[in-house]
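A short write-up of the structure that comes next.
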Amino acid sequence: MVLQSSLKNCLQLSCILRTPKAGFKSTTSGGLIIQSVSNDVYQNLAVEDWIHDHVNLENRQVLFLWRNSPAVVIGRHQNPWQECNLRLLRQKNIKLARRRSGGGTVYHDLGNINLTFFTTRKKYERMENLKLVVKALKALRPQLDVHVTDRYDILLDRQYKISGTAAKLGRTVAYHHCTLLCNADKFVLSSVLKSPYKGLKSNATPSVPASVKNLFEEDPSLTCELLLDAIAEEYATQHQIDHRITLINPADETVLPGINNKTKELQTWDWVYGKTPKFSISTCFNMVYKDSVLDVKVDMDVKHGRIEVCNIDLPEQWLPPALWSELEKSLTGSKFCPNETTTLATTLLRVCPQDDELHSRWNLLCENMIMLM
Amino acid sequence: VCIHRVRSCSSIRFIKSKYVCVFDKSALKFSHQQRLFRTSAVSCGQIVQFKLSDIGEGITEVTVKEWYIKEGDSVSQFDSICEVQSDKASVTITSRYDGIIRKLHYNLDEIAYVGKPLVDIEIDASKGVAPEEDVVETPPMSHEEHTHQEIKGHKTLATPAVRRLAMENNIKLSEVVGTGKDNRILKEDILNYLAKQTGAILPPSPKAEIIPPLPKSETVPAAPKDKARKIPVPVSRPIVFSGKDKTEPITGFHKAMVKTMSAALKIPHFGYCDEIDLTQLVRLREELKPIAQIRGVKLSFMPFFMKAASLGLLQYPILNASLDESCQNVTYKASHNIGVAMDTEQGLIVPNVKNVQVCSVFEIASELNRLQSLGSAGQLGTNELTGGTFTLSNIGTIGGTYAKPVILPPEVAIGALGKIQVLPRFNGKGEVFKAQIMNVSWSADHRIIDGATMARFSNLWKSYLENPASMLLDLK
Chain B
1 MVLQSSLKNC LQLSCILRTP KAGFKSTTSG GLIIQSVSND VYQNLAVEDW IHDHVNLENR
61 QVLFLWRNSP AVVIGRHQNP WQECNLRLLR QKNIKLARRR SGGGTVYHDL GNINLTFFTT
121 RKKYERMENL KLVVKALKAL RPQLDVHVTD RYDILLDRQY KISGTAAKLG RTVAYHHCTL
181 LCNADKFVLS SVLKSPYKGL KSNATPSVPA SVKNLFEEDP SLTCELLLDA IAEEYATQHQ
241 IDHRITLINP ADETVLPGIN NKTKELQTWD WVYGKTPKFS ISTCFNMVYK DSVLDVKVDM
301 DVKHGRIEVC NIDLPEQWLP PALWSELEKS LTGSKFCPNE TTTLATTLLR VCPQDDELHS
361 RWNLLCENMI MLM
Chain H
1 VCIHRVRSCS SIRFIKSKYV CVFDKSALKF SHQQRLFRTS AVSCGQIVQF KLSDIGEGIT
61 EVTVKEWYIK EGDSVSQFDS ICEVQSDKAS VTITSRYDGI IRKLHYNLDE IAYVGKPLVD
121 IEIDASKGVA PEEDVVETPP MSHEEHTHQE IKGHKTLATP AVRRLAMENN IKLSEVVGTG
181 KDNRILKEDI LNYLAKQTGA ILPPSPKAEI IPPLPKSETV PAAPKDKARK IPVPVSRPIV
241 FSGKDKTEPI TGFHKAMVKT MSAALKIPHF GYCDEIDLTQ LVRLREELKP IAQIRGVKLS
301 FMPFFMKAAS LGLLQYPILN ASLDESCQNV TYKASHNIGV AMDTEQGLIV PNVKNVQVCS
361 VFEIASELNR LQSLGSAGQL GTNELTGGTF TLSNIGTIGG TYAKPVILPP EVAIGALGKI
421 QVLPRFNGKG EVFKAQIMNV SWSADHRIID GATMARFSNL WKSYLENPAS MLLDLK
């Protein structure tokens with residue numbers, strides 16, 4: 001059984017993390033297992049950043065265990081509009097985060113565990129890490145049919161994906177993290193990971209959809225805690241270290257100086273949306289107005305999350321041309337974001353002729369534009 | 001002194017300078033004879049091909065996903081150059097050299113190969129191997145300025161390192177006042193001079209730090225030795241400020257705001273301010289808060305202010321009107337869609353509560369709650385943000401007493417509510433009591449609203465709030 005330690009070990013941790021060359025021999029030589037007490041996806045991603053930037057992994061490896069409240073996490077070079085249903089995320093208050101590692105999009109909730117293996121760049125070896133996980137699972141439940149594919153996925157019953165992998169390599173440090181589905185909400189998972197946005201063209205890394213299954217469905221006696229314990233124990237054995245998990249608080253500046261800035265950065269619009277590789281949208285929609293149906297064609301180029309070029313093709317004279325070009329001009333340079341577009345559009349309306357008919361047409365067009373975002 | 005300087009000169013030989021010291025007779029006066037420097041003018045640096053290093057796991061190709069630099073940028077060792085991706089791994093490639101980027105070998109989304117050149121970097125000549133030949137070239141500023149070094153007939157003394165620092169920054173030594181012995185120009189003097197010029201201190205480059213060990217007399221700090229000849233210079237600690245101005249284009253929401261506010265200011269505003277005693281209202285709200293709470297609604301003061309305003313607008317409908325562009329017609333709006341200014345990350349947004357004239361205070365409160373939670377989630381729709389006819393701005397939640405609010409077209413009036421303060425006031429009996437005072441500042445369109453109308457509206461509004469019971473008489 002792996003013991004969970006508390007404050008005493010937090011202090012020990014801060015010593016290790018701050019003076020990495022201090023040569024701790026006793027319990028931490030060779031490896032360290034830490035677990036986050038937070039379920040905030042941004043805080044936990046910030047811990048990964050922090051360890052990547054500050055810890056000397058020359059003679060040591062670190063395993064970081066974490067879980068998040070509902071969140072969708074996209075890869076470093078992905079396009080959130082392409083990967084998930086942003087409207088649904090906003091409605092359900094599910095967070096969107098962009099991690100620094102590559103790979104595809106995943107859904108996290110408390111029924112999913114995340115494992116991050118930190119090593120020096122030279123010792124970066126994903127297969128070894130995944131084999132460790134599989135070994136731990138088999139030690140826990142020998143009847144489980146789990147194996148690692150050459151795409152670095154872990155499959156259950158040769159069919160269902162229970163784990164996805166991604167990695168980040170820096171100058172001297174590397175980390176490999178993966179998910180593990182224990183008891184996640186599959187219904188929410190499949191609905192949020194389906195993008196409703198049409199007409200997107202981009203070079204962003206696409207995700208490869210897969211059928212998933214929870215380990216819980218295979219064996220209802222499995223819980224996240226059991227899985228975390230088993231993996232930590234296997235890690236401890238392989239690295240010949242104490243079976244002890246150190247708890248870490250990602251909001252504690254004394255243990256992790258500078259962590260709050262990292263957390264904030266991960267939450268900024270410029271990081272989450274602004275880092276999307278350049279893409280274009282070419283789509284059309286129908287608007288029902290009074291007794292007629294109108295065809296509207298929209299072409300936009302979006303760079304750094306902002307609209308670079310905007311062309312809206314409306315039936316002639318449906319809106320005064322001056323107003324319509326005003327809308328296109330104002331949208332250019334603004335964020336590709338429903339909130340910003342709404343405020344922009346409604347503000348512009350104040351300087352238009354005050355005509356109810358005009359207003360309802362304008363609102364209708366804007367509502368439809370916002371649906372694209 | 002001369003001998004000392006020669007010695008220090010020779011020890012500098014190992015330091016590479018960016019600019020050449022011109023080999024000239026005038027230079028000889030200051031015993032620079034033996035010194036030759038290499039220039040690193042435009043393209044004399046060595047171009048190195050920085051190859052993509054091994055990623056591990058036997059990977060041979062990656063996709064270039066993001067460039068952090070462009071051709072012409074200067075980089076330092078360990079700066080990030082680009083982000084590449086290979087099979088779910090994102091790799092940050094950092095520079096191994098200091099220098100200037102001369103060529104990017106790949107465009108975005110192209111495949112890059114391990115072991116092949118990624119970028120070409122021109123390495124600082126000074127970092128390179130000592131050159132075979134010396135190049136004599138005129139530095140950007142006339143060498144006369146640097147080497148002549150005469151101020152008003154006095155020869156200016158400066159160590160070679162100080163002179164180099166001046167040269168690197170295109171400073172005429174004649175313009176720098178020396179605070180050292182014999183008006184010698186010290187390094188601090190150059191830095192002070194720079195600080196005054198640019199308002200910033202240039203961090204001395206690592207090379208400039210290699211100042212040869214000077215004889216003690218030359219390292220004495222700037223204490224004026226010769227008061228008679230010394231020009232008093234305020235010896236200040238260099239101000240460390242490395243901020244830079246940042247210019248960005250106005251886009252999106254702000255562009256729209258510029259348009260709106262420009263239109264707003266075309267309206268001739270007049271202001272009217274007053275003080276409201278909310279003592280009774282505060283008491284009333286305390287009583288009603290729990291009742292609203294049970295019904296799931298948070299009750300602030302705003303619903304009362306809005307209802308009272310609506311009752312006032314029934315008497316003075318001109319304040320709920322709109323003037324057309326040509327100023328020919330006034331439209332009296334039937335609905336009282338009262339907007340509440342909210343401060344969000346985007347900026348100012350004004351959602352409105354529709355038809356306040358037929359809503360109860362509780363209904364207004366409930367709708368306000370809904371708008372506030374949508375506002376903080378960034379989910380307000382066009383319907384909530386359009387159609388307003390009159391606006392109240394609760395700037396008091398942030399602070400302040402009086403304001404001069406700007407009317408939001410196409411409306412004709414707006415009220416800004418200051419914060420509620422506890423102040424001493426006299427009651428009817430001439431006794432001092434604790435009063436809850438709030439100031440209101442109205443602005444109205446003077447083309448169709450006159451001062452008297454505004455004053456009467458404000459008085460009516462005030463009387464409803466100061467005696468909440470009187471609202472009961474007129475509530476619809």
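Chains B and H supply the protein sequences, listed in that same order.
Counting in full-length UniProt numbering, the first sequence runs from 1 upward without gaps.
Counting in full-length UniProt numbering, the second sequence runs from 1 upward without gaps.
Cβ atoms here follow ideal geometry from the backbone N, Cα and C, with glycine treated the same way.
Treat the numbers as computed from the prediction; the structure is a model and nothing was measured.
Rounded straight-line distance, which links the Cα of residue j to that of residue i
i	j	result
H/N427	H/T279	12 Å
B/R158	B/S211	11 Å
H/Q34	H/T159	Its pLDDT being 44, under 50, H/Q34 is placed unreliably by the model, and the measurement read from it follows with that caveat. Distance between the alpha carbons of H/Q34 and H/T159 is about 15 Å.
H/D109	B/M127	27 Å
H/A469	B/Q267	49 Å
H/P140	H/G99	Caution is warranted here: a pLDDT of 39 is assigned to H/P140, below 50, making its placement in the model unreliable, and no coordinate value can be reported.
H/L417	H/P303	13 Å
B/N183	B/Q43	22 Å
H/L408	H/F390	9 Å
H/D120	H/K51	9 Å
H/Q436	H/A309	19 Å
H/S174	H/R96	40 Å
H/S335	H/M342	21 Å
B/D270	B/I307	13 Å
H/N352	B/E125	58 Å
H/I123	H/H105	17 Å
H/L313	H/M257	27 Å
B/H324	H/A377	For clarity, residue 324 of chain B is Trp in the given sequence; the question names His instead. So the two alpha carbons sit approximately 28 Å from each other.
Terminal residues of the beta strand (DSSP E) in which residue i lies
i	result
B/F279	F279 to Y289
H/C82	S80 to S86
H/N427	Where H/N427 is concerned, there is no enclosing beta strand (DSSP E), given that its DSSP letter is neither H nor E.
B/R98	K95 to R98
B/L181	V173 to L181
residue 477 of chain H	Any property of residue 477 of chain H remains undetermined from this structure, which presents chain H solely from 1 to 476.
B/A167	T165 to L169
Delimiting residues of the alpha helix (DSSP H) encompassing residue i
i	result
B/S190	K186 to V192
H/A263	G252 to A264
residue 477 of chain H	Residue coverage of chain H in this structure runs from 1 to 476, which leaves residue 477 of chain H outside it and unanswerable.
H/D73	Where H/D73 is concerned, there is no enclosing alpha helix (DSSP H), given that its DSSP letter is neither H nor E.
B/E48	V41 to H54
Buried versus exposed call for residue i [16 or more other C-beta atoms within 10 Å across all chains shown]
i	result
B/D49	buried
H/F457	buried
B/Q240	exposed
H/R184	buried
B/L331	buried
H/Y402	exposed
H/K307	buried
B/L45	buried
residue 383 of chain B	No answer is possible for residue 383 of chain B: it lies beyond the span of chain B, which begins at 1 and ends at 373.
H/K404	exposed
B/P209	exposed
B/Q35	buried
B/M371	exposed
B/C284	exposed
residue 486 of chain H	As shown, chain H starts at 1 and ends at 476. That puts residue 486 of chain H outside it, with no answer to give.
B/C84	buried
B/N9	Note that B/N9 has pLDDT 47, beneath the 50 cutoff, so the model's placement of it is unreliable and no number is given.
Exercise. With a cut-off of 8 Å, do at least 3 Cβ pairs link the region 152 to 159 of chain B to the region 75 to 86 of chain B?
Worked result: no
For this session: Can you check the region 273 to 353 of chain B for any beta strand (DSSP E) of at least 3 residues that lies completely inside it and give the ranges in chain order?
Result: For the region 273 to 353 of chain B, whole beta strand (DSSP E) runs of length 3 or above, ordered along the chain, are 279 to 289, 292 to 303 and 306 to 313.
Problem set entry | Any beta strand (DSSP E) of 3 or more consecutive residues that is wholly inside the region 203 to 273 of chain B | Listed in chain order, they are 244 to 248.
For this session: May I ask you to verify whether the region 312 to 325 of chain B touches the region 335 to 344 of chain B, counting CB pairs closer than 8 Å and requiring at least 3?
Result: no
For this session: Would you be able to state if there are at least three C-beta pairs under 8 Å between the region 93 to 108 of chain B and the region 213 to 231 of chain B?
Result: no
For this session: Report yes or no: do three or more beta-carbon pairs, one from the region 428 to 441 of chain H and one from the region 266 to 275 of chain H, lie closer than 8 Å?
Result: yes
For this session: Run through the region 338 to 373 of chain H for me and flag every whole beta strand (DSSP E) of 3 or more residues, listed as ranges in chain order.
Result: 338 to 340
Exercise. What runs of the alpha helix (DSSP H), each 4 residues or longer, lie entirely inside the region 377 to 459 of chain H?
Worked result: 382 to 385
For this session: Could you tell me which uninterrupted beta strand (DSSP E) segments, each at least 3 residues in length, are contained entirely in the region 124 to 161 of chain B, listed from first to last along the chain?
Result: 146 to 148 and 154 to 156
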